[in-house]
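Protein sequences, first through last, are from chains L and S. Residue 751, in our numbering, is where the first sequence stops; the numbers in between run on with no holes. Residue 173, in our numbering, is where the second sequence stops; the numbers in between run on with no holes. Right, one structure below, let's go through it.
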Amino acid sequence: MQYSSQLSAGQRATFVPAFFILAGSIAAAGALHAAAVAPPPELAQGPGTLAPQQLKKLSIEDLMQLQVATVTTASKKEEKATSAPGTVIVIDKNDIRLRGYSTLKDVLRDLPGMDLADNFFSEIGTQVAVRGITGNNKTVVLVNGMRVNPPGGEYFPLRSDFSVRNAEQIEIIYGAGSTLYGQDAINAVINIITRQPPASGKAEVELGGDAGFNFERNLYGSFGKVFDQARNILFNGYVQYHDSDLTRLDREYPRYWRGFRETAVARGRDPVPDRLDFGLNAFARLEVGGFSLQSWYRNSRRSSGEGYGHAVLALVPEARWEDSSWVTEAKYVWQITDRVKLDSTVTYNWYEVDPSSRYVFPLNDRQFFLNDYKYASGHSIAVEETMRVDFTSALSVLMGGTYTNYDILPKSTVPGGARPGGHNDILRQAGNFSYYTTPGDPASLHLVPRAVDSEFERYGAYLEFSWKITPKLKVIAGARVDKDTRIADPSYTPRGSLIYNLTDALTAKYTYSWAYISPAPYFDATYDRGDVLAVSNPGLQPETSKTHEFDLTYNKDALNFGLSLYYGVQSSLILVSDGALQPNILLDPVYVDVQGTQTRQLVNSVNSGKSRNAGVDVYGKAKLTRSFSTWFSYSYTSYEEMTAGVTSGLKGISQHNFRLGATWAITPHLFVTPSLVARSTPRNVDPSFLQGELENPWEANLHILYTPKECLQFYADLRNITNNHNALTQLTPAASPQETFSGVFGVRLSF
Amino acid sequence: MRLLLLGTVGSGLAGEKARAESAAYDEYEVKAAFLFNFVQFVKWPAAPGGQLLIGILGDDPFGGALDKIIKGETVAGRKLAIKRSHKADDLKGCQVVFVAGSERANVGGILASLTGANVLTVGETEGFVKQGGAIGFSSGGEKVRFEINNGAAQRAGMEISSRLLKLASRVGN
């Protein structure tokens, strides 16, 4: 816990990459002796570690012990997707390869019920609304079951620094998932399962790179090897680098950018917006017997002016937002008996905003304000014990206990830029905001710390039964309780599910589940925005969600079809202090000078009101011929929020979403995958300078994969091929222009 | 923490078998391996140099896994081979016929047409053995299980080993 805070910023910046550089060097050395693996997608093996030729060597008794599961996330055990509670969608490595997914946001863009705003806000990157509910802080993201959300409860930074190229599969569990995953699992739980190296013991190495329009370039490398099958000693890992200047939005949307151009020219700056999108992601995993150690690192750097409206935040070179995450997990799986298994896990999670991060905005008619430096850091250490007992083949129980210790310094304004050296140092550097409640009265002075330090603990326990009452009917019932030392009342999150196999192919499910969002330290951020002065609210309570869901899945031969109906109620909403709006306002206007000439509205984040979401997702995949397969989805969602006597609807997202894609194997070596994402006009968006761009936005993409040899692949990935001008929401209610045409051409080598 | 320490001194999963069991497999790769096993648990008349044909009736769900598994294999001196068809009559010369899920609507008719053909029928549709099939995979579970209708096997002139009968989740006649 203290290790990170004792390092200087420079040490911190270099330590983690150095670990992966070392891993990469080992990988490169191994490559010299590597044998050819990685078959082309149509020949790819299943997700198990043994190839069919090895499976046949197992006795029939051993075969009977093999799991033919497809997902592990919904119940923390391996099971068929049709047996898991709730809506479960799996994107496997063939989907990733054929559709050209590189980062997680590429995957989410094609999923039912999801509504993405790519160019949303620098701190967040891509905002993902799920089934009508916005907020990246409401989705739990896992890598091999390891939670990688920032520990301070920040909106998940979904940018170009989350690679999926090494994923075996990605499991998306929709709806409330707090029963097993605790806080923040309101919208979905997403688990990226990385590839296992081949059991044959041959080293698996993949190297790839691509480049294209807008100076976009990507480099990727992975390595995996089983060193000792008998003792289960293996290593795998990857590194992905991304950089891009992004598309020229000023050229594509000149009216929108006019304000920035005029602002920049008046201050002697280049009128071309300075934008960039840098991302680095690395992962390493070591298994020895039942012990595993895995580590995941991401670093992202973008222009801090993205998504906040033209001419408000400047896109000049000084305006940068950079942050990093590093999560490491040690786990031991102890198979106590044939029927009892214990998982012991320790997870360390670290997040930091680079001290050079700042926003730039006009100070006066001739200058920009360049001293709005931001800083945040935090770390948590979590211990979790999970025991699974299979009483019979039909009845099992999962029980677990967790303890997490948090030490968080949420986003703060640090004039002159932070010089990290421990939280107390930052508190001193940040100093105070001051305000007066009575003009001309020095005695009415109040001081508000610019930075706060939040140390707290969270305890959790859960228990869930799974009982297959008949061969067709399964019942799941569970509950969890979490106690946060900052909050008096514990959070309870039960879940119940009935799963009925109507026929071999048709399954019906009903799931009722609760979830909650922790009152994250992030929402305690203090800042002076020029019109509002936001202060922390130590009394903030959890936001809760209760969801009913009915699912119908049909899986027969080459056809997979799903239907999900959902209805959810969210209560005690956490309303973030983004503006001078009720019910966030605390007092009548306050004054930042004793004379009372500069006013601010004092606000904080509060709990208030409730909301409802309801809708339907229809989705499917079909292999129509031996060389042609397709996928589709249609989503309808409605959302209604009642706060402070005001009822509002969908927050800048679309009521209807439609996706269609297909892969055509023109020859056994050439795969063409076009896809389409279309939406109805986003609701409740201020069009600003954008008008037609808001109407029914759609985007067509194309991925072409050519595999002349088993070890060699060429690809072209073209996005928004018709160069459509689209606009979606951003942090303010005003519309934000989205990226236009882009594309890369690349090569991939597998050894 | 105490439990964690206990965990570190306990015996963990190790070895290929354990690795195999800890991973998730494609259902049809496992079923293909089962099918290969089934063939070995039946007494076949020796016919050196001849073929032992496995028929796949309907849409092949194995995706090439069965081909990989039987490649180069022999049972009772007979080389294993695969024949695919959507017509039961085409597969009457096979020793084993796997009735794919795509044929669920016509399982009764298929089994009737194979009666007397000395074929070991294996299926995966619900109620396959009750309808007269010899071996049926159970559906819905996380592990592959199978049922045996020993009477149906005997009527087809097959003798299934007692070991296989013991492992079946249900044996009927």
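For each residue, glycine too, the CB sits at the ideal point set by N, CA and C. Owing to the predicted nature of the structure, the values given are computational and were not obtained by experimental measurement.
CB contact flag (residue i, residue j, <7 Å)
{"i": "L120/S", "j": "M158/S", "result": "yes"}
{"i": "P355/L", "j": "G417/L", "result": "yes"}
{"i": "V107/L", "j": "I170/L", "result": "yes"}
{"i": "V226/L", "j": "P197/L", "result": "yes"}
{"i": "T404/L", "j": "A430/L", "result": "no"}
{"i": "I124/L", "j": "N137/L", "result": "no"}
{"i": "G127/S", "j": "N149/S", "result": "no"}
{"i": "D110/L", "j": "S654/L", "result": "no"}
{"i": "A76/S", "j": "E29/S", "result": "no"}
{"i": "V535/L", "j": "Q601/L", "result": "no"}
{"i": "T526/L", "j": "R450/L", "result": "yes"}
{"i": "V475/L", "j": "W296/L", "result": "no"}
{"i": "G153/L", "j": "S518/L", "result": "yes"}
{"i": "G136/S", "j": "G151/S", "result": "no"}
{"i": "F359/L", "j": "S434/L", "result": "Correcting the residue type first, residue 359/L is Tyr in the shown sequence and not Phe. Taking 7 Å as the Cβ cut-off, Y359/L and S434/L do not qualify as a contacting pair."}
{"i": "Q51/S", "j": "R78/S", "result": "yes"}
Collapsed DSSP secondary structure at residue i in the structure displayed
{"i": "F689/L", "result": "coil"}
{"i": "W257/L", "result": "helix"}
{"i": "F34/S", "result": "helix"}
{"i": "A264/L", "result": "helix"}
{"i": "T753/L", "result": "Any answer about residue 753/L is impossible in this case: the structure gives chain L only from 1 up to 751."}
{"i": "S755/L", "result": "This structure leaves residue 755/L out entirely; chain L is present only between 1 and 751."}
{"i": "P410/L", "result": "strand"}
{"i": "E640/L", "result": "strand"}
{"i": "P521/L", "result": "helix"}
{"i": "L165/S", "result": "helix"}
{"i": "R97/L", "result": "helix"}
{"i": "D617/L", "result": "strand"}
{"i": "D588/L", "result": "coil"}
{"i": "A443/L", "result": "helix"}
{"i": "T179/L", "result": "helix"}
Beta-carbon contacts of residue i that lie in its chain and below 6 Å, excluding the five residues immediately before and after
{"i": "A330/L", "result": "L293 and V346"}
{"i": "Y619/L", "result": "P112, G562 and S633"}
{"i": "L219/L", "result": "G209 and Y241"}
{"i": "T72/L", "result": "E78"}
{"i": "L43/L", "result": "Because the pLDDT at L43/L is just 30, under 50, the model does not fix this residue reliably, and the value given afterwards should be weighed accordingly. Closer than 6 Å at the Cβ level, and outside the excluded window around L43/L, lies no residue."}
{"i": "D551/L", "result": "T87, K509 and S564"}
{"i": "Y492/L", "result": "V481"}
{"i": "G177/L", "result": "A185 and V189"}
{"i": "A678/L", "result": "F658 and W698"}
{"i": "T386/L", "result": "D343 and G400"}
Nearest-angstrom beta carbon gap, residue j and residue i [assumed within contact, 8 Å]
{"i": "S638/L", "j": "Y174/L", "result": "With 8 Å as the limit, S638/L and Y174/L do not qualify as a contact, their Cβ atoms being about 16 Å apart."}
{"i": "G649/L", "j": "P682/L", "result": "Contact flag wrong, Cβ pair sits at about 11 Å."}
{"i": "L276/L", "j": "R302/L", "result": "6 Å"}
{"i": "S513/L", "j": "L573/L", "result": "18 Å between Cβ atoms; not a contact."}
Cβ shell of residue i (< 7 Å), same chain only, five flanking positions each side left out
{"i": "D390/L", "result": "R339 and S396"}
{"i": "P47/L", "result": "Only weak support is given to the placement of P47/L: the predicted model assigns it a pLDDT of 39, under 50, and the value that follows is read from those uncertain coordinates. Closer than 7 Å at the Cβ level, and outside the excluded window around P47/L, lie E168 and Q169."}
{"i": "D686/L", "result": "P733, A734 and A735"}
{"i": "T753/L", "result": "Lying before the first or after the last residue shown, residue 753/L is absent from chain L, which here runs from 1 to 751."}
{"i": "A36/L", "result": "Note that A36/L scores 26 on pLDDT, short of 50, meaning its location in the model is unreliable and no value can be drawn from it."}
Segment limits, alpha helix (DSSP H) that includes residue i
{"i": "V793/L", "result": "Here chain L comprises residues numbered 1 to 751, so residue 793/L is not present and cannot be evaluated."}
{"i": "N150/S", "result": "N150 to R155"}
{"i": "S222/L", "result": "That residue, S222/L, is in no alpha helix (DSSP H); its beta strand (DSSP E) goes R217 to D228."}
{"i": "H423/L", "result": "H423 to A430"}
{"i": "K105/L", "result": "L104 to R109"}
{"i": "V175/S", "result": "No statement about residue 175/S is possible, as the shown extent of chain S runs from 1 to 173 and does not include it."}
{"i": "R248/L", "result": "It is not in any alpha helix (DSSP H) - R248/L carries neither H nor E in the DSSP assignment."}
{"i": "A65/S", "result": "A65 to I70"}
Terminal residues of the beta strand (DSSP E) in which residue i lies
{"i": "S564/L", "result": "L559 to S571"}
{"i": "L342/L", "result": "V340 to V353"}
{"i": "G279/L", "result": "D277 to V288"}
{"i": "R495/L", "result": "R495 to N501"}
{"i": "A716/L", "result": "L712 to R719"}
{"i": "T663/L", "result": "H656 to T667"}
{"i": "Y174/L", "result": "A167 to Y174"}
{"i": "L80/S", "result": "R78 to S85"}
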